[in-house]
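Inspection log for the structure reproduced underneath, given as structure tokens.
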Amino acid sequence: MRFAASGLLVLCTSLAAAQTPVKQITDNQHVWLSVNSTMRFSERWGAIADFHVRRTHYIADPSFYFVRGGASYWLADNLSLVAGYGHMWLASTVNGKTAFADENRIYQQIIYSSRIGKVSVLNRFRNEQRWRETLDNGKSTGDFAFSNRLRYLISLGIPIVKNPKYPQISIANEVAVQFGKSVVYNTFDQIRLFGGIRQGFGRGWSYDLGYMLLYQQGAGGNSYSRNHTVRLFFYYTLDTRRKPAANKETPHHFEDE
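In mature numbering (1 follows the signal peptide of the UniProt record, and there is no 0), the protein residues as written are -18 to -1, 1 to 239.
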């Protein structure tokens, strides 16, 4: 009887192990470039616009192209709301040929910036409704999979010296979860960790440069992408108000796809 029970236990353990999918992690190397703009036309109203290019295998192959625009409303100088539209062309390679899937995206976000001593802190919550085109062997099926994605970002700007012309340290962390009929095994979408420098140059221009680790779960639930990304973002700020606040400073930027 004991032998039978032991054998049954071993059999059940083996079956459970066989049914548990093996976790697979794929490492990728990316270069991510973008230009982002924030324009303020009055005390309350403004607009944003940005353009992104990400390449894989460093710069050898396309990963995606992304454009986004939106209307901004300032509740206060450090608190703003944005709503808008974005479009992505997401690349995939089948039999050596590259095809692009369209993604239409509507989004809403709230940004709150503050300071803790000399450290600038940005908190951003973004809600995205996404319709991503389904491809079959590189050809469109005419179907679009819908998902709703929630993203939370915290970003820190840490000055090294008092002179604002010198770079400061930039650290950020973003977590994203998603929901929808097409989302079965990957409610957790991704986490993005960034570290680098941020510096202003010229009138209204700044940039950040650094390394981003992006860890993303695949649709099957057991596959993950670990993307090692060199990231260079440029930012442009335009303020057309006739009498801007005397203590106005360059906004703490952080934008991404």
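Just so you know, even glycine gets a beta-carbon here, dropped at the ideal spot from N, CA and C.
Reference residue i; option with closest CA among the options
i      : options                           : result
Val64  : Gln160, Asn86, Ala29 and Phe48    : Ala29
Asn10  : Thr20, Pro44 and Ser19            : Pro44
Ser16  : Phe176, Ser24 and Leu191          : Leu191
Asp171 : Gly186, Asn130 and Gly184         : Asn130
His69  : Gly202, Gly178, Ala83 and Ser164  : Ala83
Thr222 : Met21, Ile7 and His12             : Met21
Ile173 : Val165, Met194, Trp187 and Lys100 : Met194
Arg224 : Ser24, Asn18, Gly99 and Ile7      : Ser24
Gln111 : Leu175, Arg37 and Tyr67           : Tyr67
For residue j and residue i, the rounded distance between their alpha carbons
i      : j      : result
Tyr189 : Leu138 : 15 Å
Lys79  : Arg50  : 27 Å
Asn105 : Phe128 : 26 Å
Val4   : Tyr206 : 11 Å
Pro146 : Ser152 : 14 Å
Leu220 : Thr116 : 38 Å
Tyr218 : Gln181 : 12 Å
Leu196 : Asn109 : 19 Å
Ala73  : Phe46  : 6 Å
Asn77  : Lys121 : 12 Å
Gly186 : Ala42  : 32 Å
Lys144 : Val101 : 12 Å
Thr211 : Asp238 : 13 Å
Ile142 : Asp118 : 51 Å
Ala31  : Gly52  : 7 Å
Other residues of its chain near residue i: CB distance less than 7 Å, five sequence neighbours each side excluded
i      : result
Ser62  : Ser54, Tyr55, Trp56 and Ile93
Arg97  : Val103
Thr169 : Val159, Gln160 and Phe161
Ser164 : Ala127, Phe128 and Ser129
Beta-carbon gap between residue i and residue j smaller than 9 Å
i      : j      : result
Glu85  : Arg114 : yes
Gln150 : Ile140 : yes
Gln199 : Asn209 : no
Phe48  : His39  : no
Gly124 : Tyr167 : no
Phe107 : Arg133 : yes
Asn18  : Phe215 : yes
Arg213 : Phe176 : yes
Cutoff 6 Å; reference residue i; Cβ partners in own chain excluding five residues on either side
i      : result
Tyr148 : none
Quiz item: Which ranges would you report for the beta strand (DSSP E) in the stretch 187 to 219 if only whole runs of at least 3 residues count?
Solution: 187 to 199
Exercise. Mind listing, in chain order, the continuous beta strand (DSSP E) runs of no fewer than 3 residues lying wholly within the stretch 108 to 146?
Key: 121 to 141
Exercise. Note down, one range per segment and in chain order, each beta strand (DSSP E) of at least 3 residues found wholly within the stretch 26 to 76.
Key: 27 to 38, 43 to 58 and 61 to 76
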